[in-house]
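Reviewing the structure listed below.
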Amino acid sequence: MAGITKRSEDYSRWYQDVIQAAELAENSPVRGCMVIRPNGYAIWENIQRTLDDKFKELGHVNAYFPLLIPKSFLAREAEHVEGFAKECAIVTHHRLKQTTVDGKTTVIPDPDSKLEEEYIIRPTSETVIWDQYRKWIQSYRDLPILINQWANVMRWEMRTRMFLRTTEFLWQEGHTAHATAAEGRAETLQMLEVYRWFAEEVLAMPVIPGTKTANERFAGAVETFSIEAMMQDRKALQAATSHDLGQNFAKAFDVTYQDAEGKVEYVWATSWGMSTRIMGALIMTHSDDDGLVLPPRIAHTKAVIVPIWKNDEEKAAVCEAADKLAADLRPAVGRVHVDKRDKMRPGWKYAEWERKGVPVRLELGPRDLAGSQVMMAARHDRAKNAVPFAELAEALPAELERIQADLYAAAVKRREEATFKIDSWDDFTALYEGDGGFAHCHWCGDGDCEQAIQDKTRVTIRNIPFERDETPGACVHCGKPSKGRVVFAQAY
RNA sequence: CGGGGCGUAGCGCAGCCCGGUUAGCGCGCCUGCUUCGGGAGCAGGAGGUCGGGAGUUCAAAUCUCCCCGCCCCGACCA
């Protein structure tokens, strides 16, 4: 079995090991692209289902736009090109040709199939979508447009890490069009709140919602908002973003509408996304040295029943009881798996399900059967106790809720223990030469100062929290006046 | 693109410095028996163009050169 490196030894290795041990994903022959295995994809499917339901509850609909973007589209919005140009994959030909090089048969792009206008593999879809919106919008009666897309995108990053930064990744990208600036801003903030809710209530991952600084703003946005989480190594991870695009894309793609008074106006836009990166955050927030730990609300399998037997008669009796228990529990708790595999002893199965992060294990052996009970064990804290069959329908959901709450509380506690108010540059550098963490500091608001801090320490402003200390002070770096504190951290 | 490391069975590695029968080990895999309440034991078995190419040599996993790929640290970037 795969040994898992301890977090204290090598955090980055531990992360890779957990992914491998839980069979979430693995590297592929394509540089920077991963294969998401069934165990990992099941989590993504749960994320999709939960978010998708929420989006639709709020009036959004799904659509699908093409993978390829005409090269010229990307150039329409000046800041947008600048932000993405350096990481785009380009399609230049549409046909291959067999040829022989050094006596070996190989294929090359057929020179005769060179495209007149090359295509970009989408790094994000604002441009294709807004080009289409122009055709759909004429009147204020056509607004708002509230569309979401589930898709894959490519960003040719120099260095990749499983889930956190892969060349190809999966995400959802919402793209909305509104009649007024206020409506656009309200949508942007509403979706950020959806992400906060999802991170905290479903993934048990505490986050700080706030506004990004101008330096960290999405290419082409008027304002970018994010939710920021803290990983167990005290580094920050941006878990989702929501952008107020103002009229930038409407102007670049000439998307106008006529209002009730007959006046022609540019449309107001938003975009917002959460990607498979969130799965990296999920892993790094809760997992331990024995492998994956999943909050029950996002776990694909809520509980696994491990039947224990010595001979065929016992096996038949115990398995029958296990199947019945599982069937009784499923309507209330969701997926319950009965692990009847022969040739594997119970201890092996316990270890395997722990590695894979199943929140609760139910052990059912002849002794339990005789006493009409099961042993119920929690993955995260190893709490284990006997539960009578009659009480299980209540005890299991209660246990799952306890686990969900524990994981959230533990994550909040870890974050609070690694969060500091810092007012001097010496303390600031000392923190990041040491264990690191979140530093709430005064900042003058100057982008150059922010950049200087990053150059010196590799620490960045994660965001300007909505709920922040607004007592005026002096910038932690340059000493100029500050209106309030912002959150600094080293980031993934 | 700069610095470092590594390519030997599905996975993890030894062997290389100092060339020499049939290339080993652990885990996993297959078969059988005994096991089964915290990662079982025994017996038998399958599995390799030693990353690729060229060279040196009677002889190359081992020495030389070139190429390819991967990992880590930077630079870059959600």
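Numbering (our numbering), first residue to last: 1 to 492. We put the CB at the ideal spot given by N, CA and C, even for glycine.
Does residue i come out as helix, strand or coil in the three-state DSSP assignment?
{"i": "Ala2", "result": "Annotation note: pLDDT 49 at Ala2 (below 50); position unreliable, coordinate value reported separately. Correct three-state label for Ala2: coil."}
{"i": "Lys114", "result": "strand"}
{"i": "Leu96", "result": "strand"}
{"i": "Ile298", "result": "coil"}
{"i": "Asn215", "result": "helix"}
{"i": "Tyr492", "result": "coil"}
{"i": "Asp244", "result": "strand"}
{"i": "Cys505", "result": "Residue 505 is absent from the structure shown; the chain starts at 1 and stops at 492."}
{"i": "His286", "result": "helix"}
{"i": "Trp156", "result": "coil"}
{"i": "Tyr64", "result": "coil"}
{"i": "Arg341", "result": "coil"}
Determine the burial state of residue i: buried for a count of at least 16 other Cβ atoms within 10 Å of its Cβ, exposed for fewer.
{"i": "Met1", "result": "Caution applies to Met1, whose pLDDT of 43 falls short of 50 and renders its modelled position unreliable; the model cannot decide the point."}
{"i": "Thr167", "result": "buried"}
{"i": "His493", "result": "Past the boundaries of the shown model lies residue 493; the chain is included only from 1 to 492, so the question cannot be answered."}
{"i": "Ser164", "result": "The amino acid at residue 164 is misidentified as Ser; the sequence shows Leu. Burial call: buried."}
{"i": "Thr100", "result": "exposed"}
{"i": "Ile90", "result": "exposed"}
{"i": "Pro66", "result": "exposed"}
{"i": "Glu173", "result": "buried"}
{"i": "Gln238", "result": "buried"}
{"i": "Met230", "result": "buried"}
{"i": "Leu96", "result": "exposed"}
{"i": "Phe466", "result": "exposed"}
{"i": "Tyr432", "result": "buried"}
{"i": "Glu116", "result": "exposed"}
Grab the span of the alpha helix (DSSP H) containing residue i for me, first residue to last.
{"i": "Glu467", "result": "Looking at the DSSP string, Glu467 is not in any alpha helix (DSSP H), and its letter there is neither H nor E."}
{"i": "Thr457", "result": "Gly447 to Thr457"}
{"i": "Gln20", "result": "Tyr11 to Ala21"}
{"i": "Gln190", "result": "Ala181 to Trp197"}
{"i": "Lys384", "result": "Segment Lys384 to Pro388 is the beta strand (DSSP E) holding Lys384; no alpha helix (DSSP H) there."}
{"i": "Lys421", "result": "That residue, Lys421, is in no alpha helix (DSSP H); its beta strand (DSSP E) goes Thr419 to Lys421."}
{"i": "Gly174", "result": "It is not in any alpha helix (DSSP H) - Gly174 instead sits in the beta strand (DSSP E) that spans Glu168 to His178."}
{"i": "Pro331", "result": "Asp312 to Val333"}
{"i": "Pro38", "result": "Pro38 to Glu57"}
{"i": "Ser72", "result": "Lys71 to Leu74"}
{"i": "Phe163", "result": "Taken as a continuous stretch (DSSP letters only), Phe163 belongs to no alpha helix (DSSP H), as it is neither H nor E."}
{"i": "Ala303", "result": "Ala303 -> not in any alpha helix (DSSP H); beta strand (DSSP E) instead, spanning Ala303 to Pro307."}
Which whole-angstrom value is the C-beta distance of residue i and residue j, which I expect to be below 8 Å?
{"i": "Gln272", "j": "Thr188", "result": "The residue you asked about is not Gln; residue 272 is Trp in the sequence shown. Their Cβ separation, rounded to whole angstroms, is 7 Å, which keeps Trp272 and Thr188 in contact under 8 Å."}
{"i": "Trp268", "j": "Gly291", "result": "Rounded, the Cβ-Cβ distance is 46 Å, inconsistent with contact."}
{"i": "Ile298", "j": "Val202", "result": "6 Å"}
{"i": "Gln490", "j": "Arg468", "result": "Not a contact, Cβ separation roughly 20 Å."}
{"i": "Ala179", "j": "Asp53", "result": "At roughly 27 Å, the Cβ-Cβ gap does not stay under 8 Å, so Ala179 and Asp53 are not in contact."}
{"i": "Val374", "j": "Leu392", "result": "7 Å"}
{"i": "Leu170", "j": "Thr276", "result": "5 Å"}
From what residue to what residue does the beta strand (DSSP E) around residue i run?
{"i": "Trp268", "result": "Trp268 to Ser275"}
Would you be able to state if there are at least three C-beta pairs under 8 Å between the stretch 298 to 309 and the stretch 358 to 365? Here the stretch 358 to 365 lies against the stretch 298 to 309, with 3 or more beta-carbon pairs under 8 Å apart.
Cβ contact check for the stretch 196 to 203 and the stretch 142 to 158: 3 or more pairs under 8 Å: Judged by Cβ distances under 8 Å, the stretch 196 to 203 makes no contact with the stretch 142 to 158, as fewer than three pairs qualify.
Is there contact here, the stretch 131 to 148 with the stretch 8 to 16, by at least three beta-carbon pairs under 8 Å? Taking 8 Å as the limit for Cβ pairs, the verdict is that the stretch 8 to 16 does not touch the stretch 131 to 148.
Under 8 Å: do the stretch 322 to 336 and the stretch 442 to 458 share three or more Cβ pairs, one atom per stretch? No, the stretch 322 to 336 is not in contact with the stretch 442 to 458.
Touching or not, the stretch 441 to 448 and the stretch 396 to 416, by the rule of three or more beta carbon pairs under 8 Å? The stretch 441 to 448, when compared against the stretch 396 to 416, does not touch it at the 8 Å Cβ threshold.
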